[in-house]
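Protein chains: 2
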Amino acid sequence: MTRPPHAREKVLDAYCRLLREDGERAATMEAIAAAAGVSKGGLLYHFPSKEALAEALIARFEEIAALGLAEMEHAEEGPARNFVRTSVHSGTEMDHYFAAVHRLAQAANEAAITALESAHAAWLDLIRAEVGDDHAAEAIMLIGEGLYYHSTMPGSWSRGTFAATVEPLLAQVDRLRSGA
Amino acid sequence: MTRPPHAREKVLDAYCRLLREDGERAATMEAIAAAAGVSKGGLLYHFPSKEALAEALIARFEEIAALGLAEMEHAEEGPARNFVRTSVHSGTEMDHYFAAVHRLAQAANEAAITALESAHAAWLDLIRAEVGDDHAAEAIMLIGEGLYYHSTMPGSWSRGTFAATVEPLLAQVDRLRSGA
DNA sequence: GTCTATATCTCGATAGAC
DNA sequence: GTCTATCGAGATATAGAC
Chain C
6 MTRPPHAREK VLDAYCRLLR EDGERAATME AIAAAAGVSK GGLLYHFPSK
56 EALAEALIAR FEEIAALGLA EMEHAEEGPA RNFVRTSVHS GTEMDHYFAA
106 VHRLAQAANE AAITALESAH AAWLDLIRAE VGDDHAAEAI MLIGEGLYYH
156 STMPGSWSRG TFAATVEPLL AQVDRLRSGA
Chain G
6 MTRPPHAREK VLDAYCRLLR EDGERAATME AIAAAAGVSK GGLLYHFPSK
56 EALAEALIAR FEEIAALGLA EMEHAEEGPA RNFVRTSVHS GTEMDHYFAA
106 VHRLAQAANE AAITALESAH AAWLDLIRAE VGDDHAAEAI MLIGEGLYYH
156 STMPGSWSRG TFAATVEPLL AQVDRLRSGA
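Heads up: the protein sequence lines correspond to chains C and G, in order.
Position 38 (the first sequence) corresponds to 43 in the working numbering; numbering is contiguous.
Position 103 (the second sequence) corresponds to 108 in the working numbering; numbering is contiguous.
The structure is reproduced here in structure tokens:
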């Protein structure tokens, strides 16, 4: 880490936003540079290729995901509830980078696919360890994934449907958690 | 309806497959034409623009989704179980077109976003009507959406994790269904 | 209905001035 | 460290032969 130069940060954030809002095709070097307020040449000084940009974004996602995982592991309410609670779209950095990496994965970027699969596997492990029953754990995890799915979707339907209902949903999680 | 010409079908299927497997950016007119076994000119006779192609694919998805919805409504096991059962990736036409429309939605195609939102809303309505408790219905629907999310993902992690576990998952659905 | 040829534009990347 | 200028490849779409 050690504090990356300012321009690098701006570029990465712009790339993340373009991926998330307009999709992988729209996230061209030119568009990214413009959104970050630098020139194409300036961008290519920091990231010598488009692939390098994607790698940096994925690395960033992995950092954020690791932080979230540690928090989930030690959450007072338990990993299961914490996972579902943090899966609703809340505009966090995690939400943004998850959606961006998701776009790359759907463009068949292997590193992005691997990063998402690792995150999913780690989440499931923690929920399994807490809940005991594997199938209840899977069901809980899928509720969270469903929420993540909606959080990566453009449009606002899911926001209107789920935004205000985290607590009642957590009550359903408790039903699945308790006993098998 | 009324039996579209053969070439139209081939083109639409090729477009669907390219979107699903390689992403929206890779699904170029040239690649689609090649995959469908026609020339660029031939493709553009049937679909005068890329937008027209996308519209046709979305219309196709809406047909398939309507059929699935009717089946879900009258399923003997009930809409909730039927929804979750059919949400696991099973390589059906519905899976394929869902994934393809999902790629378009993530490329900020408004019609694709609307089509997916309509489908989600219709599914949730049926599950709500059966289950009674709105939050249990949402939880069940999210389990299905989680499975759909995984079915649209490239890579094989979810296949290995969920493929053999539909029945135990349906048992979890039953737990959520029964009583509030 | 389907093809080839081609026009026009935009992409990612390089070169070199400052 | 950031810019402008430019190249070659590949994108959508048109024109017109068959």
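Every residue, glycine too, gets a C-beta built ideally from N, C-alpha and C.
Against chain G, with Cβ distances strictly below 9 Å, would residue i count as a contact?
i, result
"C:F162", "Residue 162 of chain C is actually Trp in this sequence, not Phe. Output row for C:W162: interface = yes."
"C:R108", "yes"
"C:M146", "yes"
"C:R180", "yes"
"C:E29", "yes"
"C:P84", "no"
"C:D100", "no"
"C:I63", "no"
"C:G131", "It is worth fixing the name first, because residue 131 of chain C is Leu in this sequence and not Gly. Not closer than 9 Å to any Cβ of chain G, the Cβ of C:L131 fails to qualify, so no."
"C:G203", "Outside the shown range of chain C, which is 6 to 185, sits residue 203 of chain C, and nothing can be said about it."
"C:A70", "no"
"C:F52", "no"
"C:A26", "A small correction: the amino acid at residue 26 of chain C is Glu; Ala does not occupy that position in the sequence shown. Yes, its Cβ sits closer than 9 Å to a Cβ of chain G."
"C:E60", "no"
"C:H155", "yes"
"C:H140", "yes"
"C:A112", "yes"
"C:A116", "no"
"C:L49", "no"
"C:E122", "yes"
In terms of residue numbering, what span does the alpha helix (DSSP H) encompassing residue i cover?
i, result
"C:G42", "Note, C:G42: premise wrong, no alpha helix (DSSP H); not H, not E."
"G:E60", "K55 to H79"
"G:R30", "Per DSSP, G:R30 belongs to no alpha helix (DSSP H) and is neither H nor E."
"C:A169", "Element bounds for C:A169: n/a, residue is neither H nor E."
"C:G149", "D139 to T157"
"C:A112", "From DSSP, C:A112 is part of no alpha helix (DSSP H); its letter is neither H nor E."
"G:S92", "P84 to S92"
Below 8 Å on the Cβ atoms is my guess for residue i versus residue j; work out the distance and round it to an integer in Å.
i, j, result
"C:F88", "C:I132", "6 Å"
"C:A41", "C:A19", "4 Å"
"G:E135", "G:P53", "In fact, because the Cβ distance is near 44 Å, the residues do not count as touching under 8 Å."
"G:A144", "C:L72", "Contact doesn't hold; Cβ gap of about 27 Å is too wide."
"C:P159", "G:I69", "Not quite, the Cβ-Cβ distance comes to about 22 Å (not below 8 Å), so this is no contact."
"C:W128", "C:M99", "Contact flag wrong, Cβ pair sits at about 12 Å."
"C:Y153", "G:Y153", "About 12 Å; that fails the 8 Å criterion."
"G:A61", "G:L109", "The pair is not a contact, with the Cβ atoms about 12 Å apart (cut-off 8 Å)."
For residue i, count neighbouring Cβ atoms within 10 angstroms of its own Cβ and tell me buried if that reaches 16, exposed if not.
i, result
"C:Y50", "exposed"
"G:S156", "buried"
"C:S163", "buried"
"G:G151", "buried"
"C:E81", "exposed"
"G:G149", "buried"
"C:A142", "buried"
"C:T91", "buried"
"G:I122", "With the sequence shown as reference, residue 122 of chain G is identified as Glu, and Ile is not the correct amino acid for it. Its Cβ being crowded by 16 or more others within 10 Å, G:E122 is buried."
"G:H79", "exposed"
"G:H11", "exposed"
"C:E29", "buried"
"C:A124", "buried"
"G:A105", "buried"
"G:A120", "buried"
"G:A32", "buried"
"G:A169", "exposed"
"C:A126", "exposed"
"C:A64", "exposed"
Does the beta carbon of residue i come closer than 9 Å to any beta carbon on chain C?
i, result
"G:A39", "no"
"G:M196", "The displayed coordinates of chain G run from 6 to 185. Any statement about residue 196 of chain G would go beyond what the structure contains."
"G:T170", "yes"
"G:P173", "yes"
"G:D18", "no"
"G:F167", "yes"
"G:G149", "yes"
"G:E135", "no"
"G:T119", "yes"
"G:A36", "no"
"G:H125", "yes"
"G:E143", "yes"
"G:A196", "Because residue 196 of chain G is not part of the residues shown, which for chain G are 6 to 185, the question remains open."
Whether or not the stretch 55 to 70 of chain C and the stretch 111 to 118 of chain C are in contact is what I'm after, with contact meaning three or more pairs of Cβ atoms, one per stretch, closer than 8 Å; do they touch? Yes, the stretch 111 to 118 of chain C touches the stretch 55 to 70 of chain C.
Can you find at least 3 beta carbon pairs, one from the stretch 29 to 46 of chain G and one from the stretch 166 to 181 of chain C, that sit closer than 8 Å? Contact annotation: the stretch 29 to 46 of chain G does not touch the stretch 166 to 181 of chain C, with fewer than three C-beta pairs closer than 8 Å.
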